[in-house]
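Enquirer:
Numbering (the UniProt record's numbering), first residue to last: 1 to 582.
Okay, structure coming up:
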C-alpha cells in the first residue's frame, strides 16, 4: 500500500464500500450505497437449550454468560443503605456548621483548606461520608513480589482513614486474589527474571529519550512487530485521537474502560454508546448512522469505529466477537478491539479472544493490548496493518513524545512471549495456559456450588462476586485480609449503585491448595455473619457493618436458581432466596 492509500485508509476514503466493492463519493466524502438499500435482517445465534448459545455460522463453541438481575428486596435495601448514609451525612454536616456536632470525622482536614477543591459538592460529600469509611481497603502497600502470595505492610489510621501510619509489621503470605497476574509471570525467579537482569546489565534501567530521537534500542526493534508504548492506559487514550476525529463516529460499549472513554472524548469524534454485548443495540446504531449520516448536514461519516474490549474487567464478560465482526463487515465499519485482559489469558494459544473464538485476526482492524497483566511487565501495543502502524508512528502522541520502554521491561515482554508461544523449547507456556483454564473453571464452579451470585463468562479469569450492600464492601475486604486473603472490593461509582462486588482474578500461579484456602474463607459457614434482621439491626448494619453479629446468617445472597437465556445468549437467572435478606 502506498503512502497516499495509507492516508485514505485513515481518513475515511476506504471506509464504506458497496456490496459489489464499488465506491462513490460526493464533496470529498464516501457515500455508502447501503443508504438506499434495506438492511438485511441480522441472524442471531440459535439457542439449543436454555443455558447455551450455539450458532454454526458464528460460534465454534458454546457461549455462556451469567448476569443475574438484582433481587427487588436486595435492591430496595441497598438503596435504603445509601439513602440512610446520605441523609445522616447531610444532617451531621448541618450540625457541624452550627457547632452542635463535635465529631469531625467526615470534615476535611485543616491542611486541605487552602487547596482548590478537586470535586463538585456532591462528590466531596460522597468522598467524606461514604468513601472514607472504607478507604483502608485500597492502596495497601506491598513489600514483596505480587505473585500468587504476597506480603503487605501493616498500617493503621488514627483519623478515620484520612491518613495512614505504618506499624513496622508485615502481613506475610497473603494469597493474592486481586492482581491481573493471569499467567504467573509476576515473579523474581525463572527465565524472565534472568533475562531481565541480563538486559539491565547490558543496557541499564532507563533510556532517557524518545524512540524518535536516540531512545530506539535494538531490543525495542526486536519487540516491535507491533507498535509498542510505555503505558497501557495511554495506548488507548493517546492513539484513538490519532485514528479518528471530527466527522467520525465512535460506537462504544457502555462498559468500556476509562482509557477508551477518554481516548474517544479527546478525539473530537461523535460518540454513541450501545448496550453491553447487545447486538441489536449496536446494529440499530450502525443502521441509523448509515441512513441518517452526520447531524444537521446528513453527510456520510468519514469513519465508523466500533470499540469493544476482549474481557470487561468489572464484569468478567467476554465480547461477542463473532457477532461484532459480522456486523462490522455488513455495515463496512472499522473495529477497535482492546485485549488488555484477554491477551495471554484466553484462547488455546493465549492469543486473546480472537484465538478463543477461532477467528481470523485480519478481521480486526485495530488490535490493542497491554503487557501489564499476562506478561508481568508494563506498557501496551497496537497491532494492525503496516500502513496503520507507520501512520501512528508519525501522528500518535505516545509514539512521538513518550520515553521508550525500559530495557529490562522490554526483555521481560520478549521472554514471556517466547514462553507462551513455546519458542523457548519448553512446554511451560502451554502448561500455564492449561493451569489458568483449570483454575478458572474450578473456582467459578465452587463459588456457584456454594450459592454465591457470580457474574461473567464461564471461561473468564475475572470472577466478580456480588455483595450489593454498601457496608459489605469494607467489611468483606477487611475480613478477607484477616484470613490472609487479598481481594479487590468495588462499589459505586465504579459499578452501578446496587451492584457492589468483590472481584477475584485467577492466576496460573495459584495452586489448588491456595484456591481451596480462599474458598474456605469465603464459604458461608466461615463468611461474615449478620443477626436476624430487625429495624434496629438494619440501622446498625448500615452504619457499622456486619461485624456486630451474634446469630450467623450468611453475608451473601444465597439462592436457588432457575436460568433462562435471552436473545443475546446471556443467561438471566431468577433467584429464589433462602432465609436471609442479605
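Ideal Cβ positions, reconstructed from N, Cα and C, are used throughout, including at glycine.
#1: Would you give the residue range spanned by the beta strand (DSSP E) that residue 468 belongs to?
#2: For the stretch 210-222 against the stretch 343-363, do three or more pairs of beta-carbon atoms, one drawn from each stretch, fall closer than 8 angstroms, so that the two count as touching?
#3: Around the C-beta of residue 156, are 16 or more other C-beta atoms found within 10 angstroms, so that it is buried, or is it exposed?
#4: So, are the CB atoms of residue 466 and residue 455 less than 8 angstroms apart?
#5: Could you tell me how far apart the beta carbons of residue 337 and residue 308 are, in whole angstroms, since I believe they sit closer than 8 angstroms?
#6: In angstroms, rounded to a whole number, what distance separates the CA positions of residue 2 and residue 200?
#7: Drop a sphere of 10 angstroms on the beta-carbon of residue 479, count the other beta-carbons inside from all chains shown, and report buried for 16 or more, exposed for fewer.
#8: So, does the stretch 280-291 touch the stretch 299-307, judging by three or more C-beta pairs under 8 angstroms?
#9: Identify every run of the beta strand (DSSP E) within the stretch 275-353, keeping only runs that are complete inside it and at least 3 residues long; order them along the chain.
#10: Mind the definition here: the stretch 260-271 touches the stretch 425-434 only if three or more C-beta pairs lie below 8 angstroms; say whether that holds.
#11: List the endpoints of the continuous alpha helix (DSSP H) containing residue 76.
#12: For residue 325 and residue 346, I'd like the C-alpha separation in whole angstroms.
#13: Please classify residue 395: does DSSP put it in a helix, a strand, or coil?
#14: Considering only their Cβ atoms, is the gap separating residue 404 from residue 215 smaller than 8 angstroms?
#15: Give the single residue among 524, 508, 445, 323 whose Cα lies nearest to the Cα of residue 277.
#16: Let me check one thing: in DSSP terms, what residues is residue 457 bridge-paired to?
#17: Within 10 angstroms of the Cβ of residue 74, are there 16 or more other Cβ atoms? Answer buried if so, exposed if not.
#18: Given that a residue counts as buried once 16 or more other Cβ atoms are within 10 Å of its Cβ, and exposed if not, what is residue 118?
#19: From what residue to what residue does the beta strand (DSSP E) around residue 165 run?
#20: Please classify residue 94 as buried or exposed, where buried requires at least 16 neighbouring CB atoms within 10 angstroms.
#21: Out of curiosity, what's the CA-to-CA distance linking residue 384 and residue 141?
#22: Taking Cβ to Cβ, would you say residue 251 is nearer than 8 angstroms to residue 285?
#23: Using only the alpha-carbon positions, how far apart do residue 400 and residue 411 sit?
#24: Helix or strand or just coil, what does DSSP make of residue 160?
#25: In three-state DSSP terms, what is residue 432?
#26: Please classify residue 134: is it buried, with 16 or more other beta-carbons within 10 angstroms of its beta-carbon, or exposed?
#27: Can you tell me which of the three DSSP states residue 136 falls into?
#28: Just tell me which of 97, 279, 310, 499 has its CA closest to the CA of residue 368.
#29: Let me make sure I understand the geometry here. Which of 375, 394, 387 has the alpha-carbon closest to that of residue 415?
#30: How about residue 184 and residue 507: are their beta carbons less than 8 angstroms apart?
#31: Could you tell me which of 176, 151, 97 sits nearest to residue 505, measuring between CA atoms?
#32: Where does the unbroken alpha helix (DSSP H) through residue 421 begin, and where does it stop?
#33: Where in the stretch 206-285 do unbroken runs of the beta strand (DSSP E), each at least 3 residues long, occur, reported from the N-terminal end onward?
#34: For the candidate residues 283, 516, 353, 240, whose alpha-carbon lies nearest to that of residue 330?
#35: Taking 7 angstroms as the cut-off, is the beta-carbon of residue 487 closer than that to any non-hydrogen atom of the ligand PLP?
#36: Among 161, 89, 477, 386, whose alpha-carbon lies nearest the alpha-carbon of residue 365?
Expert: If we stick to the structure as given:
#1: Segment 462-468, the beta strand (DSSP E) holding residue 468.
#2: No, the stretch 210-222 is not in contact with the stretch 343-363.
#3: It is exposed - the Cβ of residue 156 has fewer than 16 other Cβ atoms within 10 Å.
#4: A contact, by the Cβ cut-off of 8 angstroms.
#5: Sure, about 6 angstroms apart at Cβ, within 8 angstroms.
#6: Below a pLDDT of 50, predicted positions are generally treated as unreliable, and residue 2, at 40, falls in that range; the measurement from the model is reported next regardless. Going by C-alpha positions, residue 2 is about 39 angstroms away from residue 200.
#7: By the Cβ-count criterion, residue 479 is buried, with 16 or more other Cβ atoms from all chains shown falling within 10 Å of its own Cβ.
#8: The answer is yes - the stretch 299-307 touches the stretch 280-291, with three or more Cβ pairs under 8 angstroms.
#9: Scanning the stretch 275-353 for uninterrupted beta strand (DSSP E) segments of 3 residues or longer gives 303-309, 334-338, listed from N- to C-terminal end.
#10: They do not touch, by the three-pair rule.
#11: That run of the alpha helix (DSSP H) goes 72-97.
#12: Going by the C-alpha atoms only, they are around 18 angstroms apart.
#13: Residue 395: helix per DSSP, three-state reduction.
#14: Cβ distance < 8 angstroms, so residue 215 and residue 404 count as in contact.
#15: Taking only the C-alpha atoms, the option nearest residue 277 is 323.
#16: According to DSSP, which records beta bridges pairwise, residue 457 is partnered with 65.
#17: Counting Cβ neighbours within 10 Å, residue 74 comes out buried, since at least 16 surround it.
#18: Its Cβ having fewer than 16 others within 10 Å, residue 118 is exposed.
#19: Segment 165-176, the beta strand (DSSP E) holding residue 165.
#20: Counting C-beta atoms within 10 angstroms of its own C-beta, residue 94 has fewer than 16 neighbours from the protein chains shown and is therefore classed as exposed.
#21: A straight line joining the alpha-carbon of residue 384 with that of residue 141 spans about 38 angstroms.
#22: Yes, they are a contact pair.
#23: So the alpha carbons of these two residues sit roughly 22 angstroms apart.
#24: In this structure, residue 160 counts as coil in the three-state DSSP scheme.
#25: The answer is helix: DSSP assigns residue 432 an H, G or I state.
#26: With 16 or more Cβ atoms within 10 Å of its Cβ, residue 134 is classed as buried.
#27: Helix, per DSSP.
#28: Minimum Cα distance to residue 368 is reached at 310.
#29: Considering only alpha carbons, the answer is 375.
#30: Residue 184 places its beta carbon less than 8 angstroms from that of residue 507.
#31: Answer by Cα proximity: 176.
#32: From DSSP, the alpha helix (DSSP H) with residue 421 extends over 407-421.
#33: Whole beta strand (DSSP E) segments, 3+ residues: 227-229, 248-253, 270-274.
#34: Of the candidates 283, 516, 353, 240, the one whose C-alpha sits nearest the C-alpha of residue 330 is 283.
#35: The ligand PLP is not among the ligands present in this structure, which contains no ligands whatsoever.
#36: Nearest option by C-alpha distance: 386.
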